[in-house]
Each structure stands twice: as structure tokens, then as C-alpha cells.
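Enquirer: In the numbering used here, the protein residues as written are 43 to 148. For glycine and all other residues, C-beta sits at the position ideal for the given N, C-alpha and C.
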């Protein structure tokens, strides 16, 4: 079974930096390997969530226990184990059964 050392951290205030989030986690006595806030690729603005990776699964669980539903910059964090991203389904005009499929697939 694969170790789960990466966490999803949601409901972040949009102005939070990676350094600030890393500092908040480490204030709880938990060392992070990497912190990444996800941003819009066009505007560069935070999407309000990110990920934190830890050295061990135990540290990741400590972080969930210490951070989930804790207030950070005026917002209550949502912290849980990260899930692998599912492939995106692009349904717009992607097949003959779609409403517009025949228009785009000629």
C-alpha cells in the first residue's frame, strides 16, 4: 500500500503565500517537505487551495489532526489526504452521441 504523505489544504484565504502556510504548519511542530498553493495559470491568483507534502505518513496524519478545521487568516481550513487527480472528461463535442458532436465532427 502506497504511503499517503501528501495533503490537500482547502479554504485558504486568497492572499496566503506558500511561506505563510508553511510557517503556520511548522508552528504546530510539524516539518513540511514542500508546500504548494495552486494558482490560476492566467491571472496567477490563488485558487484557495494547495498541497503540503511530508517526510512520513505519520507527520501527514499529525498535520490533519492539528490543522483540519483550524482557523488561519480568518478562514477554517479543510485538511485531508490528497487524492490522485481524475482524468478530465471533455464532453463538449467529443462524440457522435453529444448534442453538437455531428456539427464538430464533420
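Would a C-beta distance cut-off of 8 Å place residue 93 and residue 51 closer than the cut-off?
Expert: Along the chain shown, one-based indexing puts residue 93 at 51. Along the chain shown, one-based indexing puts residue 51 at 9. Closer than 8 Å, so yes.
Enquirer: Does DSSP put residue 144 in a helix, a strand or coil?
Expert: Taking the chain shown and counting its residues from 1, one reaches residue 144 at position 102. Bear in mind that the predicted position of residue 144 carries a pLDDT of just 49, short of 50, making it unreliable; the figure below should be weighed with that in mind. It is helical.
Enquirer: Could you please give the first and the last residue of the uninterrupted beta strand (DSSP E) stretch that includes residue 95?
Expert: Walking along the chain shown from the start, residue 95 turns up at place 53. That run of the beta strand (DSSP E) goes 88-95.
Enquirer: If you follow the alpha helix (DSSP H) that residue 64 is part of, which residue opens it and which one closes it?
Expert: As a working note, residue 64 is residue 22 in the chain shown. Per DSSP, residue 64 belongs to the alpha helix (DSSP H) from 60-69.
Enquirer: Out of 130, 58 and 48, which one is the CA nearest neighbour of residue 74?
Expert: As a first step, residue 74 must be located in the chain shown, where it is residue number 32. Here the closest residue by C-alpha is 48.
Enquirer: On the premise that residue 105 lies in contact with residue 114, defined as a C-beta separation below 8 Å, what is that separation, rounded to the nearest angstrom?
Expert: Translated into positions along the chain shown, residue 114 becomes position 72. Translated into positions along the chain shown, residue 105 becomes position 63. The Cβ separation is near 13 Å, so there is no contact.
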